[in-house]
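In our numbering, the protein residues as written are 58 to 487. All C-beta atoms, glycine included, are put in the ideal place defined by N, C-alpha and C. Remarks on the structure that follows.
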């Protein structure tokens, strides 16, 4: 029996009631910004800490399994080191676009941002492109622009390389860097083209409804300038640090050093032009600390009852991994179902040789787990870390953004769901 299976067998099953703090945190994130907006802005970190403390205390003193909390805490450090450092470095690069946005220009913009996500990571690309995206569309910015930016740049942009969550966690466990490019390029491309075409049609309708003076201005001469290019050096350091495996936390230390260097090397006028603030990163940090810790019993329950749930076909892996990625955060959910897929055939996710063996025989499962986590992560604000940050930055600039529920009803269900169905069909056909 593999180490993974033995560990699961020895693990104490948590009481189902301890999953309530996670549910309470999700409900709080969904509803409190609507019904108690100002109180939520002041106390959201205390809510996240309080609920996380309940779960942490249960594991430390109730069932005496501190290793589970330590493990998730380590994953949180890995996660925030990459997300936070890319946020700081991207905040030191200012992209200035003179002239406004036609529907065609917007599609080109989103395409370039999505491609950049596979180089800079979804967080880095999101932070680099969101402010110019808001500026060029400021006279007709709607929830449509927030939603498609999240769909494409903040999520699909992380679907071919492990430059950000969730694929970064798979890379840490032994998935080759270029595996997704080799095996999922077709499904990824279909999703990209489908979303861009849908956006063009809807944004063209939005453009035609704009006042004539706005339309005339937006078809004028366009100039693009970039300040803060010295941060490319710090970005290269962060990208290089991804390949550091030992000693423990050296990777994170290098990323932190690059972020500090970037922050102090960036001229103040560049930060001012970007309206740079740590507030969005702070919100993501506190909320995802709560999510990572309160979700421990949820992940444990799913691991211990994987066979009871009979997740044994590519279809089930795709829809269940994806569905839970939309509400559990796609990074740890991706890793949980990847571990489940290996465990079902007696392999350990902690063994690189086992990962290579799985990739040889479980190609279909790996594809659907990866694409499901990446794409479904765009379905809600908590499905992937950049999503909430994009919402926060747009609101910081005075732009309208959909509510948590409105985002799902107005955009995810009617627009993203058909793309998810198409991608699944493409994967099975290939």
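Is it the case that the Cβ atoms of residue 285 and residue 174 are separated by a distance below 8 Å?
-> The Cβ atoms of residue 285 and residue 174 lie no closer than 8 Å to each other.
Give a yes or no on whether the C-beta atoms belonging to residue 561 and residue 344 are separated by under 8 Å.
-> It is not possible to answer for residue 561, since the shown part of the chain is limited to 58 through 487.
Can you find at least 3 beta carbon pairs, one from the region 452–462 and one from the region 412–431, that sit closer than 8 Å?
-> no
Would you grab the beta carbon distance between residue 443 and residue 183 for me? Rounded to a whole angstrom, and I think it's under 8 Å.
-> Confirmed, about 4 Å.
For residue 401, which of 436, 374, 117 has the nearest alpha-carbon?
-> 374
Residue span of the alpha helix (DSSP H) that contains residue 457, given as start and end = First-last for residue 457: undefined, no H or E at that position.
Where the alpha helix (DSSP H) containing residue 216 begins and where it ends | Per DSSP, residue 216 belongs to no alpha helix (DSSP H) and is neither H nor E.
Go ahead and label residue 135 buried or exposed: buried means 16 or more other beta carbons lie within 10 angstroms of its beta carbon, across all protein chains shown.
-> buried
Determine the burial state of residue 240: buried for a count of at least 16 other Cβ atoms within 10 Å of its Cβ, exposed for fewer.
-> buried
Bridge partner(s) assigned by DSSP for residue 284 = 151
In three-state terms, what does DSSP make of residue 31?
-> Here the chain has residues from 58 to 487 only, and residue 31 is not among them.
Just the C-alpha distance for residue 428 and residue 116, rounded to the nearest angstrom, thanks.
-> 32 Å
Could you please give the first and the last residue of the uninterrupted alpha helix (DSSP H) stretch that includes residue 326?
-> 325–330
Tell me which same chain residues have a C-beta within less than 7 Å of the C-beta of residue 484, skipping the five on either side of it?
-> 244, 424, 425, 428
Buried or exposed for residue 381, please, with buried defined as at least 16 other CB atoms from any protein chain shown within 10 angstroms of its CB.
-> buried
Taking one C-beta from the region 230–238 and one from the region 443–456 each time, how about it: are there three or more such pairs within less than 8 Å?
-> no
Is it true that the CB of residue 139 sits closer than 8 Å to the CB of residue 114?
-> no
Are the Cβ atoms of residue 435 and residue 473 separated by less than 8 Å?
-> yes
Hey, could you find the ends of the alpha helix (DSSP H) residue 209 is sitting in?
-> 200–209
Cut-off 7 Å between Cβ atoms - residues of its own chain near residue 352, not counting five sequence neighbours on either side = 79, 385, 389
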